[in-house]
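Asker:
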Amino acid sequence: MQAKNRKEVTAAWQKFSLTLIITVILAISMFYCYVHTSAVELRKIEYKTLEYDKIYGLQLETTVKVDSLVYLVQLLNTNERINDVLLQNMISNKKMGLMNHLDKMPERDTRLYKMLALQFNSFLNAKDSIRLLTVEEQAVKEDLIRCINNNKVAARQLSIGSATSGLDNK
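Numbering (numbering that gives the first Met the number 0), first residue to last: 0 to 169.
1. If contacts are defined as beta-carbon pairs under 8 Å, then Val65 and Leu115 qualify, I think. What distance do you get, rounded to the angstrom?
2. Distance, Cα to Cα, Lys113 vs Tyr51?
3. Which residues mark the beginning and the end of the alpha helix (DSSP H) in which Arg5 is found?
4. In whole angstroms, what is the alpha-carbon distance linking Ser16 and Arg5?
5. So for Asn99, helix, strand or coil by DSSP?
6. Find out if the Cβ-Cβ distance for the pair Arg130, Asn76 is shorter than 8 Å.
7. Once DSSP output is grouped into helix, strand and coil, what is the label at Thr77?
8. If contact is defined by three or more beta carbon pairs under 8 Å, each pair taking one atom from either stretch, is the segment 126-140 in contact with the segment 91-108?
9. In angstroms with no decimal places, state the Cα-to-Cα distance between Ala26 and Lys47.
10. Kindly indicate which three-state DSSP category Asn82 falls into: helix, strand or coil?
11. Can you give the Cα-Cα distance for Thr9 and Glu40, rounded to whole angstroms?
12. Just confirm the distance between the C-beta atoms of Ser108 and Gln58, as a whole number of angstroms; I'd bet it's less than 8 Å.
13. Are the Cβ atoms of Leu101 and Thr61 separated by less than 8 Å?
14. Measuring only the C-alpha atoms, how far is Met98 from Leu49?
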């Protein structure tokens, strides 16, 4: 005994089975493409993260170098016990080391630091000019104090001399 609509049921079942198989294959291929795309994106993200970490480390190192250079410049002419010639030599060496370090880094990451390093000579010249003017000012102050003291001594001698010469005339 066969059903009267056996052919229709079989055709519907085959259509359902074919649709189910195509849907499963499509779902599996979509899942595979998703996993593959995710893996590629994760590799690219990991690569960029390593690149950014490297740049961040270099920028931190650059910041430390610039900070130490600025600290040394601030030490110039602050104390008589500091050897300014040796300090200037250290500043020059650190500046050259900074410039070499900046040359190893990408231009877009170091533009500000390069401008600052190139302007350091101007800063040092201004600081040296201030130091020379301070020394000259101190020398002029000492000369002025010495002249004022000499003037007071001369005025005393003149007043004593005029007082004694006035007594001699009488």
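Cβ coordinates follow ideal geometry from the N, Cα and C atoms, glycine included.
Answerer: Looking at the coordinates:
1. As a working mapping, residue 65 is identified with position 66 in the sequence shown. As a working mapping, residue 115 is identified with position 116 in the sequence shown. In this structure, Val65 and Leu115 form a Cβ contact; the two beta carbons are roughly 7 Å apart against a cut-off of 8 Å.
2. Here residue 113 refers to the residue found at position 114 when the sequence shown is read from its first residue. Here residue 51 refers to the residue found at position 52 when the sequence shown is read from its first residue. Just so you know, the alpha carbons of Lys113 and Tyr51 end up roughly 20 Å apart.
3. Looking up residue 5 in the sequence shown gives position 6. Arg5 to Leu74 is the span of the alpha helix (DSSP H), which, as asked, contains Arg5.
4. In the sequence shown, counting from the first residue as 1, residue 16 sits at position 17. In the sequence shown, counting from the first residue as 1, residue 5 sits at position 6. Ser16 and Arg5: Cα-Cα distance of roughly 16 Å.
5. Translated into positions along the sequence shown, residue 99 becomes position 100. Shown here, Asn99 sits in a helix according to DSSP, grouped into three states.
6. In the sequence shown, the residue the question calls residue 130 occupies position 131. In the sequence shown, the residue the question calls residue 76 occupies position 77. Against a cut-off of 8 Å, the Cβ pair of Asn76 and Arg130 comes out as a contact.
7. For this step, residue 77 is matched to residue 78 along the sequence shown. Coil at Thr77, not helix or strand.
8. Look at the beta carbons and you see the segment 91-108 not touching the segment 126-140: under three pairs across the two are nearer than 8 Å.
9. The residue you call residue 26 lines up with position 27 of the sequence shown. The residue you call residue 47 lines up with position 48 of the sequence shown. When rounded, the distance between both Cα atoms is 31 Å.
10. As a first step, residue 82 must be located in the sequence shown, where it is residue number 83. The three-state reading of DSSP puts Asn82 in coil, since its state is none of H, G, I, E or B.
11. Sequence index remark: in the sequence shown, residue 9 carries index 10 (1-based). Sequence index remark: in the sequence shown, residue 40 carries index 41 (1-based). Cα to Cα, the separation comes out at about 46 Å.
12. Position 109 of the sequence shown holds residue 108. Position 59 of the sequence shown holds residue 58. It should be pointed out that residue 108 corresponds to Asp in this sequence rather than to Ser. Contact flag correct, Cβ pair sits at about 7 Å.
13. Position 102 of the sequence shown, counting from 1, holds the residue named residue 101. Position 62 of the sequence shown, counting from 1, holds the residue named residue 61. Contact check for Leu101 against Thr61 passes: the beta carbons are separated by less than 8 Å.
14. For the purposes of this step, residue 98 is identified with residue 99 of the sequence shown, where counting begins at 1. For the purposes of this step, residue 49 is identified with residue 50 of the sequence shown, where counting begins at 1. Those two C-alpha atoms are separated by around 24 Å.
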